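Quick note: the sequence shown uses this note's numbering, first residue 334, plus one each step.
Input: a single structure, listed below in structure tokens.
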Amino acid sequence: MHRWSQLFIPTLREAPADAEVASHKYLIRAGYIRQLAAGLYSYLFLGQRAILRITAIVREEMNRIGQEFYLPALHPREVWEASGRWSVMGDNMFRLKDRGGRDLCLGMTHEEIMTEIARKELRSYKQLPQIWYQIQSKFRDEPRPKSGLIRVRQFTMKDSYSFDIDAAGLDVSYQKHYETYRRIFDRCGLKYAVVEAHSGAMGGSQSHEFMVMSDAGEDMVASCSKCGYAANLEKATSQLAPAEDLPGDGKPEEVHTPGMKTIEEVAKFLGVSPTQKIKTLAYMQVEADPKAPGGKKTRPVIVLLRGDHSLNEAKLTTVLGGKEFRPMQADEIERVFRSPAGYLGPVKLPASSGGGDIGSHTQKLLLDSLPLLFADTALKGRKNLITGANKENYHLRNVTPGRDFYPTEWIDLRNASAEEGCPNCGHPLEVGKAMEIGHIFKLGYKYSKSMGATVLDKDGKEVAPIMGSYGIGIERILTSAIEQNNDQDGFWLSRSIAPFDVVITPTNVNEGSLLQTAEHIARQLEGIGLSVLLDDRDERPGVKFKDADLVGIPFRINVGKKVTEGKVEVVTRSTRQSQDANIPEIEGHFRQLTQS
């Protein structure tokens, strides 16, 4: 039996001034966590109990499909260089040197380490499939940690990795994780959606995210209420209504636009719609290269969008093979393209041009030095558009893509927006904030081939195993549950992840009969497998009730005046409903209550 008077549960009446989202406020107020530094938190007694219960669910479900490992958090540079990600991860990776000057990093994820084990240990297709997982701390040097446990610099992740002999095997491993994740999140009492997702620096051919819709989330999800389509905005596409082209004689013509630089200014000045303009964005691709000046090699990248559209940076990252990029400075634009920054356009720009499928052609061009010019597919087939003339105070009209300039590639690069058509059925899309709680990837051969992991197939031929990677944010489960289940007085968790099932509150511990009755009930409920917190503090009933409402425990038993009638009051935190229960029947009452 746990007695509140003997525990460290430092509840607060007010939230810290910098706490903005509900989960951050209540985790602090309920005494679950305390901040050590930006993005670094200590888990106190209640917080750690909740985390351990979540972890137990994750471990139990993962043990049904995989084997648990425990890998180092400190990694040598060499394994990350072997995969090509040492430079790709950029400033998000914590990097350090040992006393011998050797480069190390703190693990953000463990694809490289698991693949290294597979490379050294797996020899034959007969050893496949394999699913290996761990529950381990991860580290990310977040530039702006915020929202409590939602965006931090150290966090706990369940990460697992599958190795299969072929794509059909990967399909099975992927589906196993998909079903396992659903069981985990169902058991944790979460309402969630599964959406198509961007693979990012992980690479791979297919990816899904498990999302909790919440204003505290930092992701945006586009969804269709008619057919069920759902995708992270980083991945989402949409159908566009036809846009009207301007009349023109088919020849680009300069038009004077004094001082007009923005899409809106030029459109208003010329009396046209932003849909009839080309937006030209200039970026610099950056990658590590010890032979280049400053250790970094750069390459200009031009992105062309319809004037009313915005760039989806995740899609551009995919096109660039995961390489970093940044906006070009005005002086760089003038030096590279000989154009004032506000008047840049694609006509007569020095750039790699061509066509064909993204992948073969573009991957070859990534080795060249000419600027890359990517045009969004919404511009394909358009005529007589307006764009910058690469000349101060001038724009061009009557510009037609594919005639007056030739993109390196046509590719979907824009953000989908609310009310645009669903890509599957055309119904208007809805867009809302969401929080990622899990992510599954089909990695393909990205890591096994780059790191030289091979097995012998049934014909005795060396082949690379095909891989999957799968992650769950342990703290994200806790924060999501709080975001979904809170009111002005606190929050409530499902029994499966709450630190205790029941808090028993004798209204006056100085009345011996009340405390004795509370202790008797606690022993009875523990006897049927419930975890019980007895609030035996010498405090006013109102203080105890407020704390009980605050700390996330799903049921409260008030032991007060009705004890003389052989009754106690049972309160369900999620609904605020209360009912009297006969003390001799309390076990049966809770058996029924916890099964409903």
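We put the beta carbon where it would ideally sit given N, CA and C, even for glycine.
It should be emphasised that the depicted structure is a prediction, and the values quoted were computed from it without experimental measurement.
Residue i to residue j span [Cα, whole Å]
i, j, result
"Leu700", "Ala451", "Below a pLDDT of 50, predicted positions are generally treated as unreliable, and Leu700, at 47, falls in that range; no measurement from the model is reported."
"Glu918", "Ser911", "16 Å"
"Glu586", "Leu603", "13 Å"
"Gly893", "Ser338", "19 Å"
"Val876", "Glu597", "58 Å"
"Leu698", "Leu385", "Per-residue confidence for Leu698 stands at a pLDDT of 47, beneath the threshold of 50, marking its modelled position as unreliable; no derived number is given."
"Glu844", "Gln925", "30 Å"
"Glu449", "Tyr466", "14 Å"
"Glu665", "Arg809", "41 Å"
"Ile361", "Arg668", "52 Å"
"Ser693", "Trp743", "In this predicted model, Ser693 has a pLDDT of only 46, less than 50, meaning its place in the structure is not dependable enough to derive any value."
"Glu414", "Ala406", "17 Å"
"Ala751", "Ala574", "13 Å"
"Ala350", "Leu373", "17 Å"
"Asp820", "Lys629", "51 Å"
"Ala576", "Lys612", "15 Å"
"Leu848", "Thr908", "27 Å"
"Leu439", "Ser493", "18 Å"
"Thr388", "Ile468", "8 Å"
"Ala663", "Pro679", "16 Å"
"Val472", "Pro626", "Note that residue 472 is Phe in the sequence shown, not Val. Straight-line Cα distance between these residues: approximately 30 Å."
"Ile464", "Phe402", "10 Å"
"Ser540", "Leu776", "9 Å"
"Ala831", "Pro660", "46 Å"
"Tyr780", "Glu542", "21 Å"
"Met447", "Ala855", "46 Å"
"Gly583", "Asp709", "21 Å"
Residues near residue i by beta carbon distance below 8 Å, same chain, minus five either side
i, result
"Lys895", "Val901, Glu902, Asp913"
"Glu859", "Met334, Val865"
"Arg671", "Asn723"
"Pro607", "Ile596, Glu597, Ala600, Arg639, Gly640, Asp641"
"Phe943", "The shown model of the chain, from 334 to 929, leaves out residue 943, and the question about it has no answer."
"His922", "Val903, Ala914, Asn915"
"Ala500", "Ile799"
Candidates the options: closest to residue i by CA position
i, options, result
"Ala370", "Gly434, Gln487, Val904, Pro462", "Gln487"
"Leu762", "Arg473, Ser571, His728", "Ser571"
"Leu867", "Asp882, Asn843, Pro839", "Pro839"
"Leu437", "Arg428, His443, Glu444, Glu445", "Arg428"
"Met490", "Ile916, Lys594, Thr590, Gly771", "Gly771"
"Gly434", "Arg410, Ser702, Gly628, Leu703", "Arg410"
"Leu566", "Phe774, Gly765, Arg856, Thr650", "Gly765"
"Thr741", "Ala501, Lys775, Leu705", "Leu705"
"Ala674", "Tyr403, Asn731, Gly592", "Gly592"
"Pro476", "Asp492, Asp431, Asp424, Lys358", "Asp424"
"Arg418", "Ala621, Phe543, Arg432, Phe658", "Ala621"
"Ala767", "Val505, Asp552, Lys594", "Asp552"
"Gly581", "Lys681, Ala831, Asn731", "Asn731"
"Cys521", "Ala851, Leu703, Ala814, Glu852", "Ala814"
Own chain residues within Cβ distance below 6 Å of residue i, not counting five before or after
i, result
"Thr812", "Ser356, Leu482, Ile483"
"Ile498", "Tyr458, Leu461"
"Val354", "Ser480, Ala549"
"Glu816", "Ala355, Ser356, Ser547, Ala549"
"Lys509", "Ile398"
"Glu920", "Gln857, Ile861"
"Val842", "Leu848, Asp869, Asp871"
"Val485", "Gly372, Pro478"
"Glu394", "Thr513, Arg516, Ile517"
Any chain C beta carbon closer than 8 Å to residue i
i, result
"Tyr376", "You won't find chain C in this structure, because it holds only one protein chain."
Spatial neighbours of residue i in its chain, beta-carbon cut-off 7 Å, leaving aside the 5 residues before and after
i, result
"Gly688", "For Gly688, the pLDDT reaches just 45, beneath the cut-off of 50, and the residue's location in the model is therefore unreliable, although a value from the coordinates is still provided. Nothing listed; no residue qualifies."
"Ala363", "Thr344, Leu379, Gly823, Leu883, Val884, Gly885"
Distance CB(residue i)-CB(residue j) smaller than 8 Å
i, j, result
"Val836", "Arg873", "no"
"Tyr778", "Tyr727", "no"
"His531", "Ala647", "yes"
"Phe707", "Val652", "yes"
"Gln609", "Arg632", "no"
"Val545", "Lys559", "no"
"Ile805", "Val391", "yes"
"Leu789", "Asp834", "no"
"Leu644", "Leu682", "no"
"Ser495", "Met800", "yes"
Three or more C-beta pairs closer than 8 Å, one from the stretch 702 to 722 and one from the stretch 638 to 649: is that the case here? As far as the Cβ criterion goes, the stretch 702 to 722 touches the stretch 638 to 649, which means the pair count is three or higher.
When you compare the stretch 497 to 517 with the stretch 817 to 835, are there three or more beta-carbon pairs, one atom per stretch, that lie closer than 8 Å? Output reads no: the stretch 817 to 835 does not touch the stretch 497 to 517.
Three Cβ pairs or more, each shorter than 8 Å: is that satisfied between the stretch 745 to 764 and the stretch 794 to 808? No contact exists between the stretch 745 to 764 and the stretch 794 to 808.
Three or more beta-carbon pairs under 8 Å between the stretch 779 to 786 and the stretch 601 to 621, yes or no? Counting Cβ pairs under 8 Å, fewer than three are found: no touch.
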